[in-house]
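Below you'll find the structure, written out as structure tokens, and then a few comments.
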Amino acid sequence: MRTRRFQAGDESALFRVHRSAIESIASRDYSPEQIRAWMPTFEERDAWAQRVRALAPFVALDGEEVVGYADLQADGLIDHFFVSGHHPRRGIGALLMRRLHEEAAALGLQALHAHVSLSAEAFFRRFGFEVVERRLPVRRGLALPNALMRKRLGVGEHPTGERP
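For the sequence shown, the working numbering begins at 32 and goes up steadily by one.
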């Protein structure tokens with residue numbers, strides 16, 4: 032497996048990853064109604080693709096298959112972090128998180144933060160993130176509980192960001 036920067040034409044594959052992650056992985060912690068409210072519809076695909084292009088994420092590949100993606104913004108925000116629901120627990124998330132930590136180091140960032148789903152909290156904790164605030168954002172009239180998580184980046188930190 033490897034990562035690379037987003038390329039024009041990745042949008043459809045990332046849309047499939049995004050939807051499968053919500054349908055398969057997040058469904059453990061969210062109701063079917065919440066899943067439907069969270070997931071972008073096919074009618075929203077163009078607006079969603081425009082947003083993803085602006086995020087310029089890193090893309091995880093298994094061979095030539097797109098299996099995940101994650102972005103890191105200049106202020107340390109991880110806005111999107113999704114692994115295909117068809118490829119869970121295969122190290123894809125760790126690969127992406129390590130890539131984000133490398134990028135954070137290159138940018139000289141002091142901290143990372145993300146609005147993390149209930150399903151992803153344990154994963155983010157594994158990489159040293161801590162819950163700062165519990166949130167209840169509303170999408171399509173339904174609350175979708177998540178957590179604002181933050182990690183301070185320090186001198187001497189393991190470059191992967193992962194805790195032993």
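Glycine included, every Cβ here is placed at the ideal spot set by N, Cα and C.
For this session: With a cut-off of 8 Å on the beta carbons, I'd call isoleucine 66 and glutamate 54 a contact; round off their distance for me.
Result: Residue mapping note: residue 66 aligns to position 35 of the sequence shown, counting from 1. Residue mapping note: residue 54 aligns to position 23 of the sequence shown, counting from 1. The Cβ separation is near 6 Å, so the contact holds.
For this session: State the CB to CB distance for the pair glutamate 161 and arginine 130, rounded to an integer number of angstroms; the pair is presumed to be in contact (CB under 8 Å).
Result: As a working mapping, residue 161 is identified with position 130 in the sequence shown. As a working mapping, residue 130 is identified with position 99 in the sequence shown. Not really, about 21 Å apart at Cβ, beyond 8 Å.
For this session: Pick out whichever of Pro119, Thr34, Ala136 has its Cα sitting closest to the Cα of alanine 87.
Result: Numbered from 1 along the sequence shown, position 56 holds the residue referred to as residue 87. Looking at the Cα atoms, Thr34 is the closest of the given residues.
Problem set entry | Span separating the alpha-carbon of glutamate 64 from that of leucine 173 | Reading the sequence shown from its first residue, position 33 is the one you call residue 64. Reading the sequence shown from its first residue, position 142 is the one you call residue 173. Going from the Cα of glutamate 64 to the Cα of leucine 173 covers about 8 Å.
For this session: Let me know the secondary structure DSSP gives glutamine 122 once reduced to three states.
Result: Looking up residue 122 in the sequence shown gives position 91. According to the sequence provided, residue 122 is glycine. The question's glutamine does not apply to it. If DSSP states are grouped into helix, strand and coil, glycine 122 belongs with coil.
Exercise. So what does arginine 164 bridge to, in DSSP terms?
Worked result: Sequence index remark: in the sequence shown, residue 164 carries index 133 (1-based). Note on residue identity: the sequence assigns glutamate, not arginine, to residue 164. Leu179.
Problem set entry | Span of the beta strand (DSSP E), counted from its first residue to its last, around histidine 146 | Translated into positions along the sequence shown, residue 146 becomes position 115. Looking at the DSSP string, the run of the beta strand (DSSP E) that includes histidine 146 is 142-148.
Problem set entry | Alpha-carbon to alpha-carbon, arginine 76 and serine 43 | The count along the sequence shown starts at 1 and reaches residue 43 at position 12. The count along the sequence shown starts at 1 and reaches residue 76 at position 45. Taking the straight line from one Cα to the other gives about 8 Å.
Exercise. Which one or two residues does DSSP pair with alanine 137 in a beta bridge?
Worked result: The residue you call residue 137 lines up with position 106 of the sequence shown. For alanine 137, no pairing in a beta bridge is given by DSSP.
Exercise. Considering only C-alpha positions, which residue in the set Pro168, Val163, Met32, His118 is nearest to glycine 143?
Worked result: As a working note, residue 143 is residue 112 in the sequence shown. The question names glycine, but residue 143 is leucine in the sequence shown. Shortest Cα-Cα distance from leucine 143 to any of Pro168, Val163, Met32, His118 involves Val163.
Exercise. Between the beta-carbon of glycine 116 and the beta-carbon of alanine 178, is there less than 8 Å?
Worked result: As a position in the sequence shown, residue 116 is number 85, starting the count at 1. As a position in the sequence shown, residue 178 is number 147, starting the count at 1. Between glycine 116 and alanine 178, the CB-CB gap reaches or exceeds 8 Å.
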